[in-house]
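The listed protein sequences correspond, in order, to chains H and S.
Just remember that our numbering sits 212 ahead of the position in the first sequence, which is counted from 1.
Just remember that our numbering sits 1126 ahead of the position in the second sequence, which is counted from 1.
Here a beta-carbon is modelled for each residue, glycine too, at the ideal position from N, C-alpha and C.
Heads up, the thing below is written out as structure tokens.
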Amino acid sequence: MTLSASLNGAEQRRPSRLGRMLEDRLPYLIVAPAILILLLVGLFPLIYSLIVSFQRITMTENDTSFVGFLNYAELFRDARLWAALGHTAIITAIALPLELLIGFLMAQLFIDRMPGRQLFVALLVLPTVISPIVAGATWRLMFDIRFGPIGEILSFIAGEPVRILWTVNPAYVYPAIVICEVWQWSPFMFLLLLAALSNVDQSQLEAAEIDGASYLRVLRAIVLPAIAPVVAVACLIRGLDLVRIFDIIWALTEGGPGSRTETISLYTYVQGFSQFETSYTAAISFLVIALLTLITTLVLKRMELAR
Amino acid sequence: MRVGKLPARKARILALRYLGAGVVTLLFLFPVYWLFMISFKTPDEIYHVPPLWIPGQIQFSNYYVLFKDGDVLAILNSLIVAGASSGIAIVLGTLCAYSLARFGTGGENLAMWIISQRMIPPIAVVFPIFLIYVYFGLVDGYFGLILIYTAFNLPYVIWMMRGYIVDVPLELEESALVDGLNRWEVIWKIVFPMVRAGLMATSVFTFVFAWNDFLFALVLTRTEVITFPVMLTHYFGGQSNFWGKIAAMSVLGTLPIFVAVSVMQRYLVRGISLGAVKG
């Protein structure tokens, strides 16, 4: 073994003083660069933002005097902000259960071995890994009223021409967004649930089968409790992503028509980069952080209780 | 729920499952097919009513335009930024993970703080980061983007690699130490080779995160280091959507991901679930 040869060679070497010092401090030395970057890019902007949120900086004036909670009080009077939060909640509340359900059904379909399963799984995962901007762009092409295939397919099914302005008509923008979102992320749920389902104790399932338990009963009594932790993690990951949804909406509707599909991320972007309401944007940022922290803590608490 | 006393019944169930699998795969892959197909169509075929389901011939003029106009540089920018940031995040993150896993540096608190950094919504930090970058002249440069993606990938790398490193048998490292290797050598010669599979999988995910990001690239680039998702949105607009360009650029921006993911299929589950499910 070359390894043991090199080990013997190392034994003869006497470490220099610098070498020993480096070795003694090693646990901290190797943590430092990563932590430094996290502080620099993660924490520093937040602190800066916190300070700015108590000032009165806008596009036209650079007033750095402190105004207390003025910007935060403004949050409560901002109807467009609450509308944006509402839009975000609607999209999350519809898309998340749909993704979970479709992912679960797909996992059920593929749980038993069948030749070629690996290939199916590999193909089905593709939507999840492509860039959300590409996903949005793709569906923009799919939904197009004249040149897109969706209208064609619907017309074929309905037996009469169906012409829908998916990304403009207020009645259809939400379905359009949800379809795109569910298309991209159901495979994510599918992948996690497939792994969770294949970890379910087989002997329990077989025992239940011998006892003649019905499918629904097995599902309720054995399968669901076994996959619950994974479902919780999956919902947490996807839930947080949905609350900060930006790319797909930007590519599909840009928040329109008007501001009808403007989510909290889009609204923050508009305030910061079109209106240049520096201080107010900072205040919104903290509202978003507070909300997400609240959701995360609640979910994690529930998970711990369930355990 | 393995039922199947009669071979005929078994065969019927299997046939039904294949049918279901086929339909589901068709539904999920059709948009991808549509995107690829448009990228090969001529403008006449793209703007044809009713839409054509199969291009008349495979032709590459949509791609040719991207190369001729230099738009393809956006792909190059994405490669540089995503490659460099995931490389740096992997090295620094794995070292940090080693310290957390083996020395318990900072205890559980530090580990929790690091993972909580991943929960920070990008939209909440992108604006202050923009202001700071403007101040230091980092907007529209490689360094700025690489720094931000490194920072956003670090918690993920640390979290994942900590899991992989904990799985390395401690005796292996101890015997190497007894044999006279110092810690640095143990890390480079014992630990890194042992977690190589984890390193590969994690670096694919960090690459994909950086590659797919839109928000930071949108805010922090202007003309010089535009990445491909931002370039893609430049083709949108009112009545004159450049569909051929949109499709061709999307395909170019998607192929590297498809290749990376098919190589890494084995690690997909553990990777996307932050290790919550050992795939």
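Min CB distance Ser-491 of chain H to chain S below 8 Å
no
Under 8 Å by beta carbon: chain H residues contacting Val-1334 of chain S:
Val-341
Can you check the region 1128–1203 of chain S for any alpha helix (DSSP H) of at least 4 residues that lies completely inside it and give the ranges in chain order?
1133–1166, 1169–1172 and 1187–1194
For the alpha helix (DSSP H) that contains Pro-240 of chain H, what are its first and last residues?
A small fix is needed here, since residue 240 of chain H is Tyr in this sequence, not Pro. 238–241 is the span of the alpha helix (DSSP H), which, as asked, contains Tyr-240 of chain H.
Spatial neighbours of Gly-1232 of chain S in its chain, beta-carbon cut-off 6 Å, leaving aside the 5 residues before and after:
none
I want to see whether chain H comes within less than 8 Å of Tyr-1224 of chain S, judged by CB atoms only; does it?
yes
So the alpha helix (DSSP H) Val-1312 of chain S belongs to, where does it begin and stop?
Where Val-1312 of chain S is concerned, there is no enclosing alpha helix (DSSP H), given that its DSSP letter is neither H nor E.
For the region 289–312 of chain H, list every residue whose C-beta sits within 7 Å of some C-beta in chain S, in sequence order.
none
Can you find the residues in the same chain that come closer than 6 Å, C-beta to C-beta, to Gly-315 of chain H, ignoring five residues on each side of it along the sequence?
Ser-398, Met-401, Phe-402 and Leu-405
From which residue to which residue does the alpha helix (DSSP H) around Gly-1379 of chain S run?
1369–1389
Show which residues of chain H have a CB atom less than 9 Å away from the CB atom of Thr-1231 of chain S.
Pro-239, Tyr-240, Ile-242 and Val-243
In whole angstroms, what is the alpha-carbon distance linking Val-1294 of chain S and Ile-1255 of chain S?
38 Å
What is the DSSP secondary structure of Asn-411 of chain H, reduced to helix, strand or coil?
coil
Using the Cα positions of Leu-506 of chain H and Thr-475 of chain H, report the straight-line distance between them to the nearest angstrom.
18 Å
Just curious, the alpha helix (DSSP H) that Ala-285 of chain H is in, first and last residue?
282–289
Residues of the region 343–358 of chain H with a CB closer than 7 Å to any CB of chain S: list them in chain order, please.
Ser-343, Pro-344, Ile-345, Val-346, Ala-349, Thr-350, Trp-351, Leu-353, Met-354 and Arg-358
How about Ser-1211 of chain S and Ile-1139 of chain S: are their beta carbons less than 8 Å apart?
no
Can you tell me where the alpha helix (DSSP H) holding Ile-1241 of chain S begins and where it ends?
1233–1245
Cβ closer than 8 Å: which chain S residues qualify as neighbours of Val-500 of chain H?
Pro-1247, Ile-1249 and Ala-1250
What would DSSP say about Asn-1308 of chain S, mapped onto helix, strand or coil?
coil
I'd like to know whether the C-beta of Arg-1309 of chain S is nearer than 8 Å to at least one C-beta of chain H.
yes
By the criterion of Cβ-Cβ separation under 9 Å, what are the contact partners of Arg-1143 of chain S in chain H?
Leu-321, Phe-322, Asp-324 and Met-326
List the DSSP bridge partners of Asn-274 of chain H.
H:Ile-269
The region 1156–1174 of chain S: positions lying closer than 9 Å to chain H by Cβ:
Phe-1156, Pro-1157, Val-1158, Trp-1160, Leu-1161, Ile-1164, Ile-1172, Tyr-1173 and His-1174
Against Tyr-260 of chain H, what residues of chain S qualify as contacts under a CB-to-CB distance less than 8 Å, listed in chain order?
Pro-1254, Leu-1257 and Ile-1258
Return the residue from the list S:Leu-1142, S:Phe-1340, S:Arg-1228 and S:Ala-1134 that minimises the CA-CA distance to Ile-1249 of chain S.
S:Phe-1340
Check each residue of the region 380–396 of chain H: if its Cβ is closer than 8 Å to any Cβ of chain S, include it; give the result in chain order.
Trp-395
Check each candidate in H:Leu-504, H:Ile-449 and H:Phe-322 and name the one with the smallest Cα separation from Gly-1148 of chain S.
H:Phe-322
To the nearest angstrom, how far is it from the Cα of Gly-1196 of chain S to the Cα of Ser-1204 of chain S?
14 Å
Nearest CA to the CA of Leu-1153 of chain S: which residue from H:Ile-302, H:Ile-365, H:Ile-496 and H:Leu-250?
H:Ile-365
Inter-residue spacing [alpha-carbon to alpha-carbon] between Leu-1257 of chain S and Val-1265 of chain S:
9 Å
Using only CA atoms, which one of S:Phe-1156, S:Gly-1397, S:Val-1387 and S:Ser-1376 lies nearest to Ala-1200 of chain S?
S:Ser-1376
Whole angstroms are fine: how far does the CA of Asp-275 of chain H sit from the CA of Leu-293 of chain H?
24 Å
Do you know whose CA, among S:Arg-1228, S:Ile-1184 and S:Phe-1342, lies nearest Ala-1374 of chain S's CA?
S:Ile-1184
So with CB distances below 9 Å, who are the chain H contacts of Gly-1379 of chain S?
Ile-342, Ser-343, Ile-345 and Val-346
Ala-318 of chain H: contacting residues in chain S (beta-carbon distance under 7 Å):
According to the sequence displayed, residue 318 of chain H carries Met and not Ala. The answer, in chain order, is Val-1150.
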